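First the structure, in the form of structure tokens, and then the observations on it.
Numbering (this note's numbering), first residue to last: 41 to 534.
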């Protein structure tokens, strides 16, 4: 993928997609694979919002059984199986343990029934069979639980993903099918013809140039920005999205062999401790959010909540705030129809069409992105009866094998990481990295490591600047901006 915003104005596309997270990427992949000409624009970087700030799970959502949403769980499990098949380099099985003590908010019969039902719903998509453990067996399986007053445990399997890389892989598949995608390109205004949205004027945030993108149909897949874009065309549009902030803590490696599913004693909410890149991921939270989604950060009370609940359940870990490496926060675009606590809001999705023809997407799970995209394109296909589109093929289309940083032998740019000048070149020339933040947070993914990539920061910036023609002043500006983002990731830690 090479970045060329001028291509957006070169033709009238069948479909313009706004939003370069997993949902927008999935729609572009599905539509282009069926034969629609597609353009996609993203105001920041691909996966720069919630799509790179997830719990890193591809899962059926065992907790949604409490909401009796069996359809969503069954669909999620089916999609988990498909992603394990088509992207095994990015989605891998992960075992989960649920320790249950006598005073657990969800008693043993409840957990036993839930895990049994979860396994039953998986059917042929089961990763591995469930197991039920006594206290001794549970400690053998997960030594971290030694001394925890849990009498029993349930073991089941879901999957872990590389979220940012998965978004990029989907976009690369869309590009291979003919889609044009541009990051750092924002919608300035909609183009209307006869009262219908038929394109957009977009601004390239790198050059400042503006382009007119014409399309037969427009999909608004901008996540928490969905309603803001709808109001550009109709200021009276009623909200369909309820933004909810979720935060995570990145902690040093606790030696976990399994992900732990825990229920907070304070309010019974479920959260996870997950082994991740030789570190431990703790999260998530769910709180209503009314600010700018791009500015969402963990608050001190968010950090305190996760630390306190973990230490109460697993006191031998003795988590300390001073040891937290970093935090990250994403804003989920939940459906606005439900008024209950954000944690209890369903993770289904809504495809909404305004009178002006703009199709907008609210809700949905990362796990089900492929199926949601299929549904969106099925709906839009009716607008192009003359095209005789092919049926969806993404369920059986492997996503390309992604090279990992350091796969090309060369002197590393950072003493703590394997990435080299070749990795920087590939990120810029083949993956549209435009800023140093694009490179270090989402392409090389070193921002949440113990060194945050700071020891290789100057070398990476100079290499990237040479490729993009940055002045010395711009190199310094990019370096300072990244340093500021690292500080922001730690601002809630005091």
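Each residue gets a CB set at the ideal place from its N, CA and C atoms; glycine is no exception.
Quick caveat, the model's predicted, so the values are computed rather than measured.
Rank the options by C-alpha distance to the C-alpha of residue i and give the top, closest one.
i	options	result
residue 268	398, 420 and 316	398
residue 355	185, 116, 161 and 146	185
residue 64	497, 494, 506 and 411	411
residue 394	270, 156 and 234	270
residue 76	287, 368 and 432	432
residue 41	80, 530, 50 and 240	80
residue 283	199, 307, 227 and 387	387
residue 333	347, 367, 376 and 285	285
residue 154	100, 130, 176 and 381	100
residue 83	59, 106 and 67	59
residue 70	515, 430, 514 and 330	430
residue 455	474, 489 and 427	489
residue 352	362, 375, 308 and 376	308
residue 61	105, 152, 85 and 78	85
residue 390	375, 57 and 381	375
residue 438	104, 172, 68 and 122	122
residue 129	102, 201 and 462	201
residue 183	381, 361 and 357	357
residue 361	168, 147, 531 and 331	531
residue 279	289, 330, 524 and 290	330
residue 131	147, 167 and 148	167
Could you tell me how far apart the beta carbons of residue i and residue j are, in whole angstroms, since I believe they sit closer than 8 Å?
i	j	result
residue 244	residue 224	7 Å
residue 136	residue 298	6 Å
residue 108	residue 343	Not really, about 33 Å apart at Cβ, beyond 8 Å.
residue 226	residue 242	6 Å
residue 409	residue 66	4 Å
residue 74	residue 417	6 Å
residue 464	residue 500	6 Å
residue 57	residue 72	With 8 Å as the limit, residue 57 and residue 72 do not qualify as a contact, their Cβ atoms being about 10 Å apart.
Which residue or residues does DSSP assign as beta-bridge partners of residue i?
i	result
residue 315	320
residue 299	136
residue 400	260 and 392
residue 174	192
residue 457	454
residue 284	328 and 372
residue 69	Bridge partners of residue 69: none, in fact.
residue 292	319
residue 558	Given a span of 41 to 534 for the chain in the structure shown, any question on residue 558 remains unanswerable.
residue 492	Looking at the DSSP assignment, residue 492 forms no beta bridge with any residue, so it has no partner.
residue 349	In the DSSP output, where bridge partners are listed per residue, residue 349 has none listed.
residue 220	79
residue 199	98 and 133
residue 233	236
residue 250	243
Using a threshold of 9 Å, state whether the C-beta atoms of residue i and residue j are closer than that.
i	j	result
residue 219	residue 211	yes
residue 407	residue 120	yes
residue 194	residue 138	yes
residue 213	residue 54	no
residue 264	residue 281	yes
residue 350	residue 301	no
residue 326	residue 385	yes
residue 526	residue 484	no
residue 482	residue 97	no
residue 198	residue 133	yes
residue 459	residue 446	yes
residue 287	residue 346	yes
residue 95	residue 324	yes
residue 529	residue 337	yes
residue 434	residue 414	yes
residue 472	residue 222	yes
residue 105	residue 158	yes
residue 474	residue 497	no
residue 366	residue 457	no
residue 515	residue 502	yes
residue 150	residue 172	no
residue 196	residue 102	yes
residue 396	residue 230	yes
Flag residue i as yes if its beta-carbon sits less than 9 Å from any beta-carbon of chain C, otherwise no.
i	result
residue 216	In the structure shown, chain C cannot be found, because there is only a single protein chain.
Would the segment 299-317 and the segment 269-279 be scored as touching if the rule is three or more Cβ pairs under 8 Å?
Contact between the segment 299-317 and the segment 269-279 is absent, because fewer than three Cβ pairs lie under 8 Å.
Would the segment 398-410 and the segment 252-262 be scored as touching if the rule is three or more Cβ pairs under 8 Å?
Short answer: they touch.
Should the segment 478-485 be regarded as contacting the segment 463-470, the criterion being three or more beta carbon pairs within less than 8 Å?
By the C-beta criterion, the segment 478-485 is judged to be in contact with the segment 463-470, since at least 3 inter-stretch pairs fall below 8 Å.
Is the segment 44-55 touching the segment 250-257 in the sense that three or more CB pairs, one from each, lie closer than 8 Å?
Between the segment 250-257 and the segment 44-55 there are three or more inter-stretch CB-CB distances shorter than 8 Å, so the stretches are counted as touching.
Can you confirm whether the segment 134-149 touches the segment 173-192 when touching is taken to mean that 3 or more C-beta pairs between the two stretches lie within less than 8 Å?
Here the segment 173-192 lies against the segment 134-149, with 3 or more beta-carbon pairs under 8 Å apart.
May I ask you to verify whether the segment 360-380 touches the segment 85-93, counting CB pairs closer than 8 Å and requiring at least 3?
Yes, the segment 360-380 is in contact with the segment 85-93.
Are there three or more Cβ pairs, one per stretch, closer than 8 Å when the segment 292-302 is compared with the segment 318-325?
With the cut-off at 8 Å, the segment 292-302 and the segment 318-325 touch.
Does the segment 156-164 come into contact with the segment 96-115, if we say contact requires no fewer than three beta-carbon pairs (one atom in each stretch) closer than 8 Å?
With a cut-off of 8 Å, the segment 96-115 and the segment 156-164 count as touching, because enough Cβ pairs lie within range.
Would the segment 230-238 count as touching the segment 511-521 if we require 3 or more Cβ pairs under 8 Å?
Too few Cβ pairs lie closer than 8 Å, so no.
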